[in-house]
Structures are given as structure tokens and as C-alpha cells.
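Colleague: Quick one: structure below, then a few questions.
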Amino acid sequence: MKEIKLFLLFILFLLKGFSQEEFSEEAYLSCNSYDVLYGTNVYTSNFYNQLNTVQKSTIFRPLQIVGIGCSFTNVYVNDYNYSGHIFFSQILPARIKIQDTLDCGITGNLFSMSAKGIDIFKNNENFDLVLSVGANVGRIRLFQNNFVRMKNPFFSPMVSIQPKLGLGPITLSFLCTFAYDISNPNWKKTIVNGRDLAKPYKFRQTCFTLLFSIGWTMEWY
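Residues 1 to 221 in the working numbering are what the sequence shown spells out, letter by letter.
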């Protein structure tokens, strides 16, 4: 709950903390889209050598992410200009080992939003390169073992870069974010808790998120 409150306050600051801009008809671009995303988190810290890290990563190693959302450029709302993305994703369940002996599942979810950004190619109707700032909030969870049923919620201010290509009604893009976790790295009990005999290492979820997406073009005026 604390992480969600921090996320909402941070996003409110981003949405209202910048000066208003005059609407321009030239701001319309065809690359705004509803997206389906797939990718992975690559962490800066290690967690039992089980997850992708900047030191060691492979394509299908945990944590794998699927999600839905939208990405937009130069959208005017009440004279404010917004560029960025919004997406919700689910972390695909995977098997890992805690303390080398306890086999358990790991899953979770992630909500990401950036709104204040710039499009480097703002005059190109079929290609965007958006740089933006925002935040991530969510949690990862250990389950399917009576000795370790715990969660690790996070709130992470984030910067992102997203190149996007418009191909008629279809868009293709690659979203890369870097999120710095400022929340408590300790694991917490879940509502349905096990015997608590295992105490996983602290895990600060500072990471790169790498997502490929395919989208359907929408129109903003």
C-alpha cells in the first residue's frame, strides 16, 4: 500500500508539475497505439543466481513479462502535453530455488506509467523516438512452497526510451526502461502465509525492463 501511494503522488507531480503548452495541430502523429508487450527484467543485483542480471542473462531466464498497454506522443489534455506509455504486465510463473534447497514458484505484476517525455522525431508521422520519465509499481511473490510464501513490493522512479515504427494500422516498438527501486528490499508475509522457516535474501528490484511490442494505431487530436 505504501508503494502505491508513493506511485500516485509521483505521477501526480509529473502530470501537474510542468508548465502548460499551447496546442499545435502539428502534434498529431500516427504512431500512438494500443500495445501487447513481451520481454524481461534484467536486475542490477543478484538473487540466488536465479534471475536475469546485467552480469548474466539469457532470453528465456526469469523473469519473463507479458502485458497490455498504450503508448502515445504529443497528446494534449487541458493544454498539457504528454508523451510516454502506460502498461500493466504479469510476470510469468517460473520455478527457482531459495537457499539452494527450497524449490518454489515466483511470479508477480508490474504497472508502469510515463507521461512527461519528448519525441526526437516529432515531425515524422511514421517513426517516434520517445524519451520520458515516470515510475513503476508492483510486486514479486514466492509461492508453491509451505516454507516460503512471501512478497516483495516495489516503487521505482523510471526513465525510458522507446523507438516505434508505424506500418499503417500496425506499430512495432521496443521499450527500454531503467527503474531505481527506492522501497524496502525486505520480503514480507503474504495473506496466506506458510511456516516462515525460510528467510530469503533482501532483494532491491532496480532493473532494466526490455519489452518488444506490437500495437494497433489509435488517433489523438
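Yeah, the Cβ is synthetic: ideal placement off N, Cα and C, and Gly gets one too.
I'd like the span of the beta strand (DSSP E) that includes residue 212, first residue to last.
Modeller: Here the beta strand (DSSP E) through residue 212 covers 207-217.
Colleague: With residue 271 as the anchor, note down where its beta strand (DSSP E) starts and where it stops.
Modeller: Beyond the ends of the chain as shown, which are 1 and 221, falls residue 271; an answer cannot be given.
Colleague: Indicate whether residue 73 and residue 128 have their beta-carbon atoms separated by less than 7 Å.
Modeller: Yes; because the gap between Cβ atoms is below 7 Å, this pair is in contact.
Colleague: Does any CB atom of chain D fall closer than 7 Å to the CB of residue 148?
Modeller: This model lacks chain D altogether; it includes just one protein chain.
Colleague: For residue 183, which three-state DSSP category applies?
Modeller: Note: residue 183 maps to coil in three-state DSSP.
Colleague: Distance, Cα to Cα, residue 33 vs residue 101?
Modeller: Each residue's alpha carbon lies about 45 Å from the other.
Colleague: Just how far apart, CA to CA, sit residue 179 and residue 169?
Modeller: Cα to Cα, the separation comes out at about 31 Å.
Colleague: Looking only at DSSP bridge pairs, what is residue 82 linked to?
Modeller: In the DSSP output, where bridge partners are listed per residue, residue 82 has 75.
Colleague: As a quick exercise: from 36, 133, 50, 40, pick the residue whose alpha carbon is nearest that of residue 203.
Modeller: Nearest of 36, 133, 50, 40 to residue 203, Cα basis: 50.
Colleague: Could you tell me whether the Cβ atoms of residue 132 and residue 69 are closer together than 7 Å?
Modeller: No, Cβ-Cβ distance for residue 132 and residue 69 is not below 7 Å.
Colleague: In three-state terms, what does DSSP make of residue 203?
Modeller: Three-state result, residue 203: coil.
Colleague: Which residues in the same chain have their Cβ closer than 8 Å to the Cβ of residue 54, if we skip the five residues on either side of it in sequence?
Modeller: Hits under 8 Å: 42, 43, 44, 208.
Colleague: Give the straight-line distance between the Cα atoms of residue 21 and residue 108, rounded to the nearest whole angstrom.
Modeller: In this prediction, residue 21 has a pLDDT of 47, which is less than 50 and means its spatial position is unreliable; what the coordinates show is noted afterwards. Taking the straight line joining both Cα atoms gives about 38 Å.
Colleague: Report buried or exposed for residue 171, applying the criterion of at least 16 other Cβ atoms within 10 angstroms of its Cβ.
Modeller: So residue 171 counts as buried.
Colleague: From which residue to which residue does the beta strand (DSSP E) around residue 161 run?
Modeller: From DSSP, the beta strand (DSSP E) with residue 161 extends over 150-167.
Colleague: Is it right to say residue 148 is buried, meaning 16 or more other beta carbons lie within 10 angstroms of its own, or is it exposed?
Modeller: Buried: at least 16 other Cβ atoms inside 10 Å.
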